[in-house]
Amino acid sequence: LLWGSVLLGCCCGSGAPGVSAAALPAAVYVLDDAGGLGREFDGIGAVSGGGATSRLLVNYQEPYRSQILDYLFKPNFGASLHILKVEIGGDGQSTDGTEPSHMHYENDENYFRGYEWWLMKEAKKRNPKIKLIGLPWTFPAWIGKGENWPYDYPDVTAYYVVSWILGAKQYHDLDIDYIGIWNERAFSSKYIKLLRYTLDKHGLQQVRIIASDRLWEPISFVLLLDSELHGVVDVIGAHYPGTKTVPNAILTKKKLWSSEDYSTFNDEVGAGCWARILNQNYVNGNMTSTIAWNLVASYYEELPFGRCGLMTAQEPWSGHYKVEAPIWITAHTTQFTQPGWSYLQVDGHLEGGGSFVALTDGLGNLTIIIETMTHDHSQCIRPPLPHFSVTPQRATFYLKGSFYTLKTLQVWHSRLDFESGNSSLFQQLHPVKASLSVWQGSFSLELDVDEVYTLTTLKTGKKCACAKPPPPHPFPSNYKDDFNIRNPPFSEAPNFADQTGAFEYFVNASDRGDHVFTLRQVVVQRPITWVSDADQTISIIGNFQWVNMTLTCDIYIEKPRVGGVFIAGRVDNGGIYVRRTKGVFFWVFADGTYRVTSDIAGEKVLMKGLSGVRENAWHTLTLNIQGTSASGLLNGYPLWENVTVSSPSNGWAAIGTRSFEFAQFDNFHVE
4 LLWGSVLLGC CCGSGAPGVS AAALPAAVYV LDDAGGLGRE FDGIGAVSGG
54 GATSRLLVNY QEPYRSQILD YLFKPNFGAS LHILKVEIGG DGQSTDGTEP
104 SHMHYENDEN YFRGYEWWLM KEAKKRNPKI KLIGLPWTFP AWIGKGENWP
154 YDYPDVTAYY VVSWILGAKQ YHDLDIDYIG IWNERAFSSK YIKLLRYTLD
204 KHGLQQVRII ASDRLWEPIS FVLLLDSELH GVVDVIGAHY PGTKTVPNAI
254 LTKKKLWSSE DYSTFNDEVG AGCWARILNQ NYVNGNMTST IAWNLVASYY
304 EELPFGRCGL MTAQEPWSGH YKVEAPIWIT AHTTQFTQPG WSYLQVDGHL
354 EGGGSFVALT DGLGNLTIII ETMTHDHSQC IRPPLPHFSV TPQRATFYLK
404 GSFYTLKTLQ VWHSRLDFES GNSSLFQQLH PVKASLSVWQ GSFSLELDVD
454 EVYTLTTLKT GKKCACAKPP PPHPFPSNYK DDFNIRNPPF SEAPNFADQT
504 GAFEYFVNAS DRGDHVFTLR QVVVQRPITW VSDADQTISI IGNFQWVNMT
554 LTCDIYIEKP RVGGVFIAGR VDNGGIYVRR TKGVFFWVFA DGTYRVTSDI
604 AGEKVLMKGL SGVRENAWHT LTLNIQGTSA SGLLNGYPLW ENVTVSSPSN
654 GWAAIGTRSF EFAQFDNFHV E
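Position one of the sequence shown corresponds to residue 4 (the working numbering), numbered consecutively onward.
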């Protein structure tokens with residue numbers, strides 16, 4: 004019966020053996036609230052975006068999509084996140100792709116582009132108390148009026164960002180709790196003050212400001228000098244702080260957050276990194292919130308920072324996903340705390356290495372989280388981790404103040420196994436009965452290395468498991484999309500991952516024939532960038548391991564004389580490295596010429612000639628790559644053939660344009 008229920012849906016359970024005692028170094032720790040409490044806890048969260056990290060998630064079929072969302076957001080189920088931070092799409096490359104802006108152009112507003120609106124609603128559906136944060140990485144070109152800088156016209160930028168917050172409420176009934184400035188780039192004090200003024204003017208007094216999502220300095224120093232700025236910034240957010248803060252940040256008396264952290268491959272070492280920083284960001288750095296980049300690895304794995312999410316969901320075509328160890332490490336904190344709880348005032352360093360934190364709701368509940376991660380098993384991607392040692396140890400905790408009368412604590416345990424890979428994750432052990440012998444209100448634990456313990460008065464924890472998802476399967480080797488969808492649920496076609504520009508479903512009202520519903524590239528000016536976007540637009544799709552392929556697509560150039568489009572195979576790069584992308588690119592231009600190049604920049608020309616293609620007419624391009632030879636057809640007739648292609652040897656398929664220009668694509672087919 005039990006297994007039957009598992010197979011039918013999701014179930015929750017527990018059970019694991021205890022820990023054997025041994026003669027170990029012993030130390031004593033006192034947990035007391037009599038002298039007051041420490042800082043207020045603000046929650047644990049994760050980032051969707053920065054960029055396009057949730058791109059493939061939306062294309063999952065049910066029930067798998069809902070199961071993934073449950074593991075991330077549903078209280079007392081999996082990661083049970085307290086905070087969701089999303090990118091405010093700006094049409095520019097922001098790590099693993101571009102996310103579309105709600106205002107591509109100055110006179111344009113659309114609050115249904117992309118998938119972050121949908122994701123925030125799904126998170127709120129599962130946990131109405133989840134906190135929402137918005138942060139831009141890039142901005143549409145019109146914000147800078149020709150300059151690659153968002154602060155020359157701060158009133159325009161503030162209007163743009165506040166429009167996003169108002170749109171979230173008006174169209175999706177989403178209340179944004181916090182807003183950031185510009186991810187990991189310079190801040191402008193004038194802009195931050197104007198942003199606060201603009202928020203207040205629109206009745207958004209409840210929206211708090213985080214600055215500056217970069218380093219502790221110079222923002223902390225500037226806050227100490229500028230009392231007006233100090234009055235409008237609510238949280239200092241630093242990225243990858245290495246669990247340390249700086250004196251000026253403490254002096255501001257502001258909330259201190261690690262507003263982006265982790266960013267590490269989600270194996271056991273990634274879980275060790277996450278366990279260590281979740282505790283030590285507070286123990287060493289007074290940080291009351293830690294936010295992981297990224298929420299879920301839902302982007303092609305060969306893009307930069309593949310699988311650096313709390314879990315992995317990168318195969319919507321098969322339905323396969325994997326609940327990785329960091330999900331259960333998160334649960335050790337999130338299932339037994341809430342924003343608004345307070346840390347106890349205690350030095351959380353364990354004598355044998357490792358750390359602990361203790362939190363209370365002020366109403367009698369107590370949660371203690373202990374981690375004993377060793378150096379080599381907890382290295383994050385950044386910053387470099389100074390050497391330290393951790394040894395097995397015995398820890399005795401004395402409960403004082405209002406906790407003195409506690410009789411029983413629930414115990415949840417994880418042990419990361421780096422030898423066999425058989426980690427024990429988030430298992431409920433027998434409750435610890437606080438011993439009431441000579442030393443009343445105390446208990447002891449034997450701590451081994453690479454372990455996490457949660458001891459808590461709360462009995463609500465659950466380790467839930469859904470029926471096993473389908474097995475992994477490569478991207479279909481024969482894939483078609485005619486984009487014929489009247490009311491698409493999302494603005495982007497499934498599985499296309501835009502790397503520069505934005506490709507959206509388009510209704511071609513002037514076309515009475517076969518091309519009413521198309522895919523259109525719509526970014527017509529280079530955005531205010533976060534990294535080096537390409538000078539061309541490109542969207543990738545498929546299997547990075549593909550070698551031989553035939554790619555066919557109908558194309559429509561809209562830009563007269565100088566416009567152009569391409570289809571490509573064996574595309575080897577994307578994300579922050581999109582400018583250096585190589586592959587086999589078949590271009591046609593509005594001046595009646597064609598080119599075959601081995602790079603997106605169009606500098607390495609393999610073949611060129613006349614095609615007769617002009618703007619405002621549909622044509623069919625076919626690219627055939629077999630071994631070291633490539634050939635191209637135009638409207639079914641050979642245009643060029645026997646072009647030698649040596650490298651790259653494999654890669655994705657792609658479509659794109661010569662510049663930031665309107666162009667349309669239809670009847671895409673790759674085999």
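Note that the Cβ used here is the ideal one computed from N, Cα and C, for glycine as well.
As the crow flies, the alpha-carbon of residue 608 is around 23 Å from that of residue 563. Per DSSP, residue 423 lies in no alpha helix (DSSP H) segment and is marked neither H nor E. In the three-state reduction of the DSSP assignment, residue 647 falls in the strand class. Rounded to the nearest angstrom, the gap between the Cα atoms of residue 71 and residue 141 is 28 Å. Residue 436 and residue 127 have their C-alpha atoms roughly 37 Å apart.
Here residue 40 is not near residue 406, since their CB atoms are 9 Å or more apart. Closest in C-alpha terms to residue 421, from the list 275, 122 and 450, comes 275.
The secondary-structure analysis by DSSP pairs residue 171 with nothing; it has no beta-bridge partner. For residue 276, the secondary structure class from DSSP, reduced to helix, strand or coil, is helix.
Note that the stretch 273-289 touches the stretch 369-380; at least 3 beta-carbon pairs, one per stretch, sit closer than 8 Å. A direct Cα-Cα distance of roughly 16 Å separates residue 357 from residue 383. Excluding its 5 nearest sequence neighbours in each direction, residue 238 has C-beta neighbours in its own chain below 6 Å: 213, 258 and 260, listed in chain order. For residue 231, the enclosing alpha helix (DSSP H) starts and ends at 230-235.
Just measuring C-alpha positions, the residue of 458, 430 and 179 sitting nearest residue 209 is 179. For the pair of segments examined, the stretch 461-478 was found to touch the stretch 323-336: the number of CB pairs separated by less than 8 Å reaches three. Contact between residue 476 and residue 672 is absent: CB atoms are separated by about 20 Å, not below the 8 Å threshold. Residue state for residue 549 is assigned as coil, using DSSP reduced to three classes. A direct Cα-Cα distance of roughly 23 Å separates residue 418 from residue 76.
In the DSSP assignment, no residue is bridged to residue 179. Per DSSP, reduced to three states, the secondary structure at residue 308 is coil, with no helix or strand assignment.
Beta-bridge partners of residue 96 (DSSP): 101. A direct Cα-Cα distance of roughly 27 Å separates residue 84 from residue 379. In the DSSP assignment, residue 669 falls within the unbroken beta strand (DSSP E) covering 666-673. When rounded, the separation of the alpha-carbon atoms in residue 459 and residue 412 is 5 Å. The beta carbon of residue 537 lies closer than 6 Å to those of 503, 581, 582 and 603 in the same chain, with the five residues before and after it left out. Under the three-state reduction of DSSP output, residue 632 falls in the strand class. In the DSSP assignment, residue 655 forms a beta bridge with 574. For the 9 Å CB-CB criterion, residue 187 and residue 50 do not form a contact. Annotated three-state conformation of residue 336 is helix, per DSSP. In the three-state DSSP reduction, residue 271 falls in the helix class (H, G or I). Between the beta-carbon of residue 122 and that of residue 57 there is about 6 Å, and that keeps the pair under the 8 Å contact cut.
Closest in alpha carbon position to residue 352, among 426, 288, 308 and 161, is 288.
In the three-state scheme derived from DSSP, where H, G and I count as helix and E and B as strand, residue 243 is classed as coil. Put simply, the stretch 626-633 does not touch the stretch 441-457. Fewer than three CB pairs are less than 8 Å apart. Membership of residue 454 in the beta strand (DSSP E) is indicated by the continuous run 454-459. With fewer than 16 other Cβ atoms inside 10 Å of its own Cβ, residue 30 counts as exposed.
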